[in-house]
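For reference, the structure is listed below as structure tokens.
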Amino acid sequence: MSTTVGDLLRIKGSKVETIAAGDPLLEAIRRMSGKHIGCLAVATKGGKLSGIVSERDVLWKIVAAGKSPKTQTVKDAMTPLKQMKTVSPSESVEECMALMTGRRHRHLPVLDDGKLVGLISIGDVVKFMLDAQQATIQSLEKYITGTF
Ligand SMILES: NC(=O)c1ccc[n+]([C@@H]2O[C@H](COP(=O)([O-])OP(=O)(O)OC[C@H]3O[C@@H](n4cnc5c(N)ncnc54)[C@H](O)[C@@H]3O)[C@@H](O)[C@H]2O)c1
1 MSTTVGDLLR
11 IKGSKVETIA
21 AGDPLLEAIR
31 RMSGKHIGCL
41 AVATKGGKLS
51 GIVSERDVLW
61 KIVAAGKSPK
71 TQTVKDAMTP
81 LKQMKTVSPS
91 ESVEECMALM
101 TGRRHRHLPV
111 LDDGKLVGLI
121 SIGDVVKFML
131 DAQQATIQSL
141 EKYITGTF
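One point on numbering: in the working numbering, the residue at position 31 of the sequence shown is 31, and numbering is uninterrupted.
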């Protein structure tokens, strides 16, 4: 049975750092920098997801366009929900990896019945898969050497 996004969230944690669309973009950049993360989920006060804002959004849509993050809001840089992919807790980690590499998404919000319940990054998926492969190698080594 393949490992699911829900399993990954149980290890990684389900807390999501969010910001409101109307907040200053500089506030979003400072939050990402302070927490050492590459994106924030954009959500309403009620927790409804409307998109994400990432460091790449800021660089490509604001800095490269000659605009100043000091005068822009999160809404000016964010990627709206309709332009991105989300996953559910029951989806497999392999499906997430395929989505992320195929569509070049670094982050996937996790929605359960429309409710934001987590966020996973490409780094989470790669780490998870490397750990799983390491565990398989170790158990095969034990099997081969008879050291169960
Ligand atoms: N050692 C680990 O467990 C681990 C896990 C993930 C990433 N990383 C490393 O961090 C670096 C950058 O990682 P990345 O490109 O995957 O993305 P990233 O810098 O955005 O993510 C880093 C971590 O923060 C979490 N995160 C990001 N935005 C979040 C948000 N809004 N709310 C809650 N959690 C959030 C991610 O899920 C991930 O665990 C890479 O060097 C990667 O290898 C390490």
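The beta carbon of each residue, even a glycine, is placed where N, CA and C say it ideally should be.
Based on the DSSP secondary-structure assignment, which residues constitute the bridge partners of residue i?
{"i": "K115", "result": "D112"}
{"i": "H107", "result": "S121"}
{"i": "T3", "result": "Answer is none; T3 lacks a bridge partner."}
Which stretch, first to last residue, makes up the alpha helix (DSSP H) that contains residue i?
{"i": "V74", "result": "74 to 77"}
{"i": "I52", "result": "No alpha helix (DSSP H) holds I52; the beta strand (DSSP E) holding it covers 49 to 54."}
{"i": "Q133", "result": "122 to 145"}
{"i": "E94", "result": "93 to 103"}
{"i": "M32", "result": "25 to 35"}
Look at the Cβ atom of residue i, then the Cβ atom of residue j, and state whether they are nearer than 9 Å.
{"i": "G118", "j": "V5", "result": "yes"}
{"i": "S88", "j": "D112", "result": "yes"}
{"i": "A21", "j": "S68", "result": "no"}
{"i": "V149", "j": "M97", "result": "Nothing about residue 149 can be read from this structure; the chain reaches only from 1 to 148."}
{"i": "A43", "j": "L130", "result": "no"}
{"i": "E17", "j": "R30", "result": "no"}
Measuring only the C-alpha atoms, how far is residue i from residue j?
{"i": "G46", "j": "I19", "result": "12 Å"}
{"i": "I120", "j": "S139", "result": "27 Å"}
{"i": "E95", "j": "T86", "result": "11 Å"}
{"i": "G34", "j": "R104", "result": "25 Å"}
{"i": "K142", "j": "D23", "result": "54 Å"}
{"i": "K127", "j": "H36", "result": "17 Å"}
{"i": "D7", "j": "S14", "result": "11 Å"}
Counting only the same chain and skipping the five closest in sequence on each side, list residues whose C-beta sits under 6 Å from that of residue i.
{"i": "A77", "result": "L25, V53, D57, V58, K61, I62"}
{"i": "C39", "result": "I52, S54, H107"}
{"i": "S90", "result": "T4"}
{"i": "Q72", "result": "L25, I62"}
{"i": "K12", "result": "D124"}
How would you write the range of the beta strand (DSSP E) that residue i sits in, first residue to last?
{"i": "L40", "result": "39 to 43"}
Excluding five sequence neighbours on each side, which residues of the same chain lie with their C-beta closer than 8 Å to the C-beta of residue i?
{"i": "T79", "result": "G51, I52, V53, S54, D57"}
{"i": "L81", "result": "L49, S50, G51"}
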